[in-house]
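Asker:
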Amino acid sequence: MTLLNHHAEGPVSAPPLLLGPSLGTSYALWDEIAPELSISHRVVRWDLPGHGGSAAGLVQEGATVGDLAALVLALADSLGIERFAYAGVSLGGAVGLHLAVHRPERLSSLAVICSSAHFNGSGPWEKRAALVRREGLTGLADDADARWFAGGFTVPRLVQDHRDADPDAYAACCDALAAFDLRDRLDGVTVPTLLVAGREDPATPPAHLREIADAVPGATLVELPGASHLAPAQCPKAVLTALRAHFGQGALQGMAVRREVLGDTHVDRAQTRQTPFTARFQDFISRYAWGEIWTDPTLSRRERSMITLTALVAHGHYDELAMHVRAARRNGLTPEEIGAVLLQTAVYCGVPAANSAFATAQRVLAEEDGTSAGG
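Here this note's numbering = 1-based position in the sequence shown + 4.
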């Protein structure tokens, strides 16, 4: 099967995030945002049929948004991605809504940007499809800046993508927009949902996004001043901030677990010392170490503490060991159990390493006893 053209970036082991484009654009729409998102996610951006590098024959006249969603799922399957976060603009956002309604088990979270649950009825899109099939895309591309951007802003690469799109595939995508209407299904959306509206957007004005936000349980709405229809291109920093907050739930959960295990005092001290240089590392720790590994229910926190103590002894990380002796006590290990773990390390990590570890642990446990006695 021919797949949608796509570009993947970011660690293969990171949580997957698929990014969908607007009608008439390519995945270049995400050029200012995808590299930043790929720090914490495996980002896969894709092209609509007949746009960018995707084959025009992937859709035919009378196509639906469901057909496009099936192509996206086929792409995800080919990459070994079972469940993913998703963000899409306009038609790409409609694909995300379709997935949230019809295939919610495939989505972990959703962001719908400058899009709608309907696109003002079938009439305008049927007329546009007929025009493009008859005359091509030159006239529409000439007016792209006015439809896409505000305040004289433009992105020549995206306008050229519009000119270069296949007219028949573009018209088929118009057919999909003409038939799309999920307003009566929105209250069944269960995935965490973010709506981003551009206040200057003539195609899908904020009222369209508010309609979705009002219907989807727990949805969040962000309105961007100065943004028109292609907000990721015109206001990339604002869109990036909204997406990071929405897709960063793992970091928030991880921070909660980190505090439970290490204690508020330690975490507050680490955050106080954080600088722009160390911010990404701190985010990495919260998101992966604490948000994914320590939250995995396969092992209990007691078991994870014992494994962590052993690893720290093996590598001679005694400052970290002191911190995790305290964490082990919070996770329910007794001083006798901690001693048994350290004795085990004497066999496999060496007596000198265990000797230093016992000294560190004894100091920490004595401090705890002193605190309790005085407290």
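All residues carry an ideal CB built from backbone N, CA and C; glycine is no exception.
(1) Locate the beta strand (DSSP E) running through H45, then write down its first and last residues.
(2) To the nearest angstrom, how far is it from the Cα of T299 to the Cα of R291?
(3) Mapping the DSSP letters down to three states, classify D205 as helix, strand or coil.
(4) Are the beta-carbon atoms belonging to P210 and E227 less than 9 Å from one another?
(5) If you measure between the beta carbons of L41 and L244, is that distance less than 9 Å?
(6) Would the region 172-191 count as touching the region 57-70 if we require 3 or more Cβ pairs under 8 Å?
(7) From what residue to what residue does the beta strand (DSSP E) around V93 run?
(8) Anyone know if the C-beta pair for L21 and A91 falls short of 9 Å?
(9) Just to confirm my understanding: we take Q348, look at its own chain, exclude 5 residues before and 5 after, and list those with CB closer than 8 Å. What are they?
(10) Over the uninterrupted beta strand (DSSP E) stretch that includes T224, give me the two end residues.
(11) With a threshold of 16 other CB atoms inside 10 Å of the CB of D205, please say whether the residue is buried or exposed.
(12) I need the straight-line Cα distance from G140 to G127, nearest angstrom please.
(13) Please tell me whether A231 and R214 are closer than 9 Å, where the distance is taken between their beta carbons.
(14) Relative to the C-alpha of L325, which candidate in I216, T276, G354, A358 has its C-alpha closest?
(15) In terms of residue numbering, what span does the alpha helix (DSSP H) encompassing S113 cover?
(16) My assumption, with CB atoms under 8 Å, is that C118 sits in contact with A235. Please give the rounded CB distance.
(17) Of all the CB atoms in chain B, is at least one closer than 9 Å to the CB of I342?
(18) Which word fits G378, buried or exposed, when buried means at least 16 other C-beta atoms lie within 10 angstroms of its C-beta?
(19) To the nearest angstrom, report how far apart G56 and A32 are at their CA atoms.
(20) Can you have a look at M5 and say buried or exposed, based on whether 16 or more other CB atoms are within 10 angstroms of its CB?
(21) Mind listing, in chain order, the continuous beta strand (DSSP E) runs of no fewer than 3 residues lying wholly within the region 116-202?
(22) Identify which residue in S82, A134, L72 has its Cα closest to the Cα of H106.
(23) Along the beta strand (DSSP E) that carries G24, what are the first and last residues, could you check?
(24) Between R306 and N335, which are expected to be in contact by the criterion C-beta below 8 Å, what is the C-beta distance as a whole number of angstroms?
(25) Secondary structure at W294, three-state DSSP: helix, strand or coil?
(26) Hey, H45 and F285: beta-carbon distance below 9 Å or not?
(27) Relative to the alpha-carbon of D165, which residue among A145, C178, A207 has its alpha-carbon at the smallest distance?
(28) Which class does H212 belong to by DSSP, given the choice of helix, strand or coil?
(29) Cβ atoms of S120 and V195: under 9 Å apart, would you say?
Answerer: So, from the data block:
(1) Per DSSP, H45 belongs to no beta strand (DSSP E) and is neither H nor E.
(2) Here the alpha carbon of T299 sits roughly 10 Å from the alpha carbon of R291.
(3) coil
(4) yes
(5) yes
(6) yes
(7) In the DSSP annotation of this structure, the continuous segment of the beta strand (DSSP E) that includes V93 starts and ends at 88-93.
(8) yes
(9) The residues are T314.
(10) Residues 224-228.
(11) buried
(12) Cα to Cα, the separation comes out at about 19 Å.
(13) no
(14) A358
(15) Looking at the DSSP string, S113 is not in any alpha helix (DSSP H); the run it does join, the beta strand (DSSP E), is 111-117.
(16) In this structure C118 is in contact with A235, their Cβ atoms being roughly 5 Å apart against a cut-off of 8 Å.
(17) Absent from the structure: chain B. Only one protein chain is present.
(18) Its pLDDT being 38, under 50, G378 is placed unreliably in this model, and the value from its coordinates should be taken loosely. Answer is exposed; the Cβ neighbour count stays below 16.
(19) 9 Å
(20) With a 10 Å radius around the Cβ and a threshold of 16 neighbouring Cβ atoms, M5 comes out exposed.
(21) 197-202
(22) L72
(23) 20-24
(24) At roughly 5 Å, the Cβ-Cβ gap stays under 8 Å, so R306 and N335 are in contact.
(25) helix
(26) no
(27) A145
(28) helix
(29) no
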